[in-house]
DNA sequence: AGTGAATGATTTGGGGGCTAACCACCGGGC
DNA sequence: GCCCGGTGGTTAGCCCCCAAATCATTCACT
């Protein structure tokens, strides 16, 4: 009478694949998968938190960039292109983010004084109040998220991520 | 005559924000941002590579999971729920992925022998040929991506990611 | 058996992101 | 002065993903 086979772990499957594909580097794949998984979850968590305040991760990124610029450099505003660059999204996406932020009364667009192709983006008082409410708890949560890593480990993490990042171009090569 | 002010770095803006928000943990935020950035870029790079073969990152994940299962465990197939779990997407999303994979002739759906609510998903010969073509180069690329990290560093990276992952629930708490 | 809770897949509706194509404007070279 | 490549923002169309609601089936309990 047959007994059900023991379950095979992900790593065992990888090992078997490696026999057929000599290019397969098991620890490289494991690390890459771990990275993609965590970031997927982390991005989802951000999205979930922000949705409680009527924001999305992308919209929040824009607001906080404007807020920190306002605090440090005064109300000069930023251009959509600068915001897109800073938020790691395309300019087209930034247009959409700014549209909904403006519709919600959180930012305003003002003519750029020197270049009529552009405009500058500014936080409204409503957005400033929202952020003052939001940020203390948000900063606490991020601090908690990283609280199991001491300063050395945080530095190590950033260094390792930078090393991977440096190889991205070759990953994308023709 | 006024001279343009020197540009302020991201880290300087963070430091100034920290004065107003004592909860702000600058190195925690820096590490979190680094993680989100790299993963965003990495996910985009995956998507870009896969699109050259008419796949997306999500569809590829499904195919390779089926492929490694086929190699290790024979052609038993997997259920949509198993695939969703394994690919870290919702079951609704999996339905859509499988629809397009089936339309492209890469997978087939077969009645589940024991439970008529489910079915099993199987790779077609066409998909197997595609993967045999694709995987050597793909595995090489992933190996290159991680080639600046030695084995110790890879282990460290996974450990650090695991630590962060363990704190995700508290990040999401009410 | 019979009923209700649980499980699995799908449909629907919506948001976010991207690329490619577009128009408006700037600025340098002739 | 005028043209023309470069730059900035927007639009249109597409894909991916999700949550919530829906439908079918199974399972446990009486």
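Chains as they are written, first to last, in the working numbering: chain A, 1 to 174; chain B, 175 to 348. Cβ atoms here follow ideal geometry from the backbone N, Cα and C, with glycine treated the same way. Just so it is clear, the structure is predicted and the values come from calculations on it, not from any experiment.
Name the residue from the options whose alpha carbon lies nearest to the alpha carbon of residue i.
| i | options | result |
| --- | --- | --- |
| residue 346 of chain B | A:157, A:155, A:164, A:145 | A:145 |
| residue 341 of chain B | A:102, A:168, A:140 | A:140 |
| residue 237 of chain B | B:310, B:337, B:298, B:333 | B:298 |
| residue 182 of chain B | A:158, A:132, A:65 | A:65 |
| residue 186 of chain B | A:73, A:21, A:13 | A:73 |
| residue 131 of chain A | B:272, B:280, B:184, B:195 | B:195 |
| residue 217 of chain B | B:316, B:330, B:272 | B:316 |
| residue 339 of chain B | A:36, A:15, A:14 | A:36 |
| residue 160 of chain A | B:262, B:348, B:308, B:208 | B:208 |
Cutting at 8 Å between CB atoms, please list the residues of its own chain near residue i, excluding the five before and the five after it.
| i | result |
| --- | --- |
| residue 102 of chain A | 108, 109 |
| residue 4 of chain A | Unreliable placement is indicated for residue 4 of chain A, whose pLDDT of 48 sits below 50; the coordinate value is still reported in the next sentence. There are no such residues. |
| residue 54 of chain A | 104 |
| residue 258 of chain B | 264, 265, 267, 268 |
| residue 126 of chain A | 105, 106 |
| residue 156 of chain A | none |
If we count the other Cβ atoms within 10 Å of its Cβ and call it buried at 16 or more, is residue i buried or exposed?
| i | result |
| --- | --- |
| residue 2 of chain A | Any reading at residue 2 of chain A needs caution, since the residue's pLDDT is 41, under 50, leaving its predicted position unreliable; the model's value is listed next. Its Cβ having fewer than 16 others within 10 Å, residue 2 of chain A is exposed. |
| residue 31 of chain A | buried |
| residue 264 of chain B | exposed |
| residue 61 of chain A | buried |
| residue 270 of chain B | exposed |
| residue 10 of chain A | exposed |
| residue 226 of chain B | exposed |
| residue 332 of chain B | buried |
Between residue i and chain B, is any beta-carbon pair separated by less than 8 Å?
| i | result |
| --- | --- |
| residue 113 of chain A | no |
| residue 94 of chain A | no |
| residue 69 of chain A | yes |
| residue 163 of chain A | yes |
| residue 107 of chain A | no |
| residue 133 of chain A | no |
| residue 186 of chain A | For residue 186 of chain A there is no data in the structure shown, the boundaries of chain A being 1 and 174. |
| residue 91 of chain A | no |
| residue 153 of chain A | yes |
Closer than 6 Å by C-beta to residue i: which residues in its own chain qualify, once you throw out the five before and the five after it? Chain order, please.
| i | result |
| --- | --- |
| residue 231 of chain B | 220, 221, 224 |
| residue 192 of chain B | 198, 200 |
| residue 14 of chain A | 26 |
Could you give the distance in angstroms between the alpha-carbon of residue i and the alpha-carbon of residue j?
| i | j | result |
| --- | --- | --- |
| residue 290 of chain B | residue 274 of chain B | 22 Å |
| residue 241 of chain B | residue 249 of chain B | 9 Å |
| residue 202 of chain B | residue 71 of chain A | 20 Å |
| residue 255 of chain B | residue 113 of chain A | 56 Å |
| residue 170 of chain A | residue 322 of chain B | 12 Å |
| residue 324 of chain B | residue 59 of chain A | 38 Å |
| residue 312 of chain B | residue 302 of chain B | 15 Å |
| residue 260 of chain B | residue 310 of chain B | 22 Å |
| residue 79 of chain A | residue 69 of chain A | 12 Å |
| residue 296 of chain B | residue 336 of chain B | 32 Å |
| residue 292 of chain B | residue 190 of chain B | 56 Å |
| residue 39 of chain A | residue 213 of chain B | 6 Å |
| residue 174 of chain A | residue 308 of chain B | 14 Å |
| residue 262 of chain B | residue 98 of chain A | 30 Å |
Beta-carbon of residue i versus every beta-carbon of chain A: anything under 8 Å?
| i | result |
| --- | --- |
| residue 175 of chain B | The predicted model places residue 175 of chain B with a pLDDT of 43, which falls under 50 and marks its position as unreliable, so this point remains unresolved. |
| residue 302 of chain B | no |
| residue 197 of chain B | yes |
| residue 232 of chain B | no |
| residue 340 of chain B | yes |
| residue 317 of chain B | yes |
| residue 249 of chain B | no |
| residue 276 of chain B | no |
| residue 217 of chain B | yes |
Taking 7 Å as the cut-off, is the C-beta of residue i nearer than that to any heavy atom in the ligand MN?
| i | result |
| --- | --- |
| residue 153 of chain A | The ligand content of the structure shown is nil, which means the ligand MN is not present either. |
Excluding sequence positions up to five away, which residues of its chain have a Cβ less than 7 Å from the Cβ of residue i?
| i | result |
| --- | --- |
| residue 327 of chain B | none |
| residue 77 of chain A | 110, 120, 121, 122 |
| residue 215 of chain B | none |
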